[in-house]
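K.L.:
Residue numbers for the sequence shown, in this note's numbering: 207 to 378.
Where a beta carbon is used, it is the ideal one built from N, C-alpha and C, also for glycine.
Computed from a predicted model, the values in this text were never measured in an experiment.
Got a structure here, written out as structure tokens. Questions coming.
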Amino acid sequence: IAEKARSLRNLAFPEGKRVYVHSELGFNYRMTNVQAAIGLAQLERIDEFVEMRRKNAYLYNECLKDIESITLPPEKEWAKNVYWMYSILIEPEFGMSRDKLMEELEKRGIETRPFFTPMHMQPVFRKMGSFEGERYPVAEELSRKGVHLPSSSGLREEEIEYICNIIKRLKL
């Protein structure tokens with residue numbers, strides 16, 4: 207597996223050769239020395255970053271918990287959510303679609319992102335004939351309802367409160 211991974215990350219060139227003949231689709235996933243140094247420096251502070259994100263998620267949860275038409279991210283006792291993204295689901299009872307909410311937040315300077323498009327709906331896989339005729343209704347529903355709110359480690363409490371207050375005012 208390790209040999210295969212090394213090959214694929216290096217454009218799938220044959221081992222020890224730099225000829226432009228590829229038996230598989232490969233990618234350039236090599237890091238520069240500077241990228242590696244930055245990554246190592248960031249790893250030294252990973253616990254600090256995770257705690258900042260967890261604190262921010264707690265603030266979001268406290269601010270949004272009373273809006274029944276928003277589903278907050280679950281936290282399970284057997285897992286530690288690091289909140290790479292703070293993600294919510296906008297239920298129909300909210301009074302506007304996820305896309306309309308995102309549009310309204312953008313007008314107020316708040317950047318958001320929709321949930322990822324399910325794999326079976328990705329054009330690249332459709333072209334390849336993958337997932338032909340298959341449906342995944344739960345993935346489709348999550349994709350349709352989900353929005354990622356700002357979740358940077360450096361987000362300040364006032365910014366989270368501002369975002370939450372705008373969302374509360376927009377709820378119909």
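Entirely within the region 333 to 369 and at least 4 residues each: give me those alpha helix (DSSP H) ranges in chain order.
P.N.:
If we require 4 residues or more, the alpha helix (DSSP H) runs fully inside the region 333 to 369 come out as 343 to 351.
K.L.:
So, is the C-beta of E347 closer than 8 Å to a C-beta in chain B?
P.N.:
Looking at the structure shown, chain B is missing, and only one protein chain is on hand.
K.L.:
Tell me, please, whether the region 346 to 360 touches the region 285 to 299 by the rule of three or more beta-carbon pairs shorter than 8 Å.
P.N.:
yes
K.L.:
If you reduce the DSSP assignment to three classes, tell me which class L246 lands in.
P.N.:
helix
K.L.:
Note down, one range per segment and in chain order, each alpha helix (DSSP H) of at least 4 residues found wholly within the region 240 to 301.
P.N.:
252 to 270
K.L.:
Going by the DSSP bridge assignment, what does P324 pair with across the sheet?
P.N.:
Under DSSP, P324 shares a beta bridge with no residue.
K.L.:
Under the assumption that N234 contacts L214 (Cβ atoms under 8 Å), give the Cβ distance between them as a whole number of angstroms.
P.N.:
N234 to L214, Cβ: 10 Å. No contact.
K.L.:
Taking 7 Å as the limit between beta carbons, can you name the residues of its chain near F322, skipping five residues before and five after?
P.N.:
S349
K.L.:
Please list, in chain order, all residues of the same chain as S275 whose beta carbon is under 6 Å from its beta carbon, the five residues on each side excluded.
P.N.:
E297, E299, F300
K.L.:
Express the C-alpha separation of E340 and E254 in angstroms, rounding to a whole number.
P.N.:
42 Å
K.L.:
Going by beta carbon distance, what residues of the same chain come within less than 6 Å of R361, once the five residues before and after it are set aside?
P.N.:
Residue identity check: residue 361 is Leu in the sequence provided, not Arg. Closer than 6 Å at Cβ, skipping near neighbours: N262.
K.L.:
Can you tell me the Cα-Cα spacing of E312 and R319, whole angstroms?
P.N.:
10 Å
K.L.:
Taking the alpha carbon of Y368 as the reference point, which residue from P324, G315, I252, L378 has its own alpha carbon closest?
P.N.:
G315
K.L.:
Between the beta-carbon of L249 and the beta-carbon of N267, is there less than 8 Å?
P.N.:
no
K.L.:
Anyone know if the C-beta pair for K351 and I273 falls short of 8 Å?
P.N.:
no
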